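Visitor: Attaching a single structure in structure tokens format; questions to follow.
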Amino acid sequence: MRNRVACLAAAAGLLLLQSALLAHHGTAGYNTKDPVMVDGVVTDFQFVNPHCVVSLNAKDAKGEDQKWQGELTSPNHLLRAGWNSHSIKPGDKITITGWRSTSGANSMWITKTVVNGQELKTAAGD
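Residue numbers (this note's numbering): 87 to 212.
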């Protein structure tokens with residue numbers, strides 16, 4: 087009996103955890119209907135799990151400095167598309183296109199990356 091209760095409790099816990107994991111991998115936090123494009127200079131590239139992150143300095147329409155951050159897929163997916171931890175380096179000129187955060191922050195989910203004039207695909211076979 088005690089074993090059965092423990093199994094039921096574990097199963098219930100996994101069901102609750104599943105919804106949190108699915109929410110994490112959704113795009114609800116991004117405005118997918120209005121893509122934005124940002125040109126700038128890379129300040130940092132983190133090739134880490136669960137998602138790679140690019141930080142850059144850009145200029146707004148008035149020429150004022152802005153800090154932006156773009157999130158990519160996992161390193162595993164990017165490795166299969168030909169990336170490595172040195173694909174983007176501080177000082178590189180970069181253009182990122184993607185979905186801006188619904189919070190209005192200078193943050194986006196990147197759908198297209200162009201580094202020093204060369205597009206880097208984010209999925210194998212692109």
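Don't be surprised by glycine CBs; every beta carbon is placed ideally from N, CA and C. All of these numbers come straight from a predicted model, not from anything done at the bench.
1. Would you tell me roughly how many angstroms separate the C-alpha atoms of V128 and P176, rounded to the nearest one?
2. So, for Q132: in the same chain, excluding its five sequence neighbours on each side, which residues have a beta-carbon less than 7 Å away from its beta-carbon?
3. Please return the same chain residues whose Cβ sits closer than 6 Å to the Cβ of M123, not counting the five positions on each side in sequence.
4. Suppose only complete runs of 3+ residues qualify. What are the beta strand (DSSP E) ranges in the segment 135-165, listed by chain order?
5. Who does K216 pair with in a DSSP beta bridge?
6. Taking the beta carbon of R166 as the centre, do at least 16 other beta carbons fall within 10 Å, making it buried, or is it exposed?
7. Could you check where the beta strand (DSSP E) with P121 kicks off and where it finishes?
8. Measuring alpha carbon to alpha carbon, tell me which of G126, L158, K198, H172 ends up nearest P136.
Guide: Looking at the atomic coordinates:
1. For V128 and P176, the gap between their C-alpha atoms comes out near 5 Å.
2. Once the five neighbours on either side are set aside, the close Cβ partners of Q132 are C138, V139.
3. T183
4. 139-145, 151-157
5. Because the chain is modelled from 87 through 212, residue 216 falls outside the range shown and cannot be assessed.
6. It counts as exposed.
7. 116-132
8. L158
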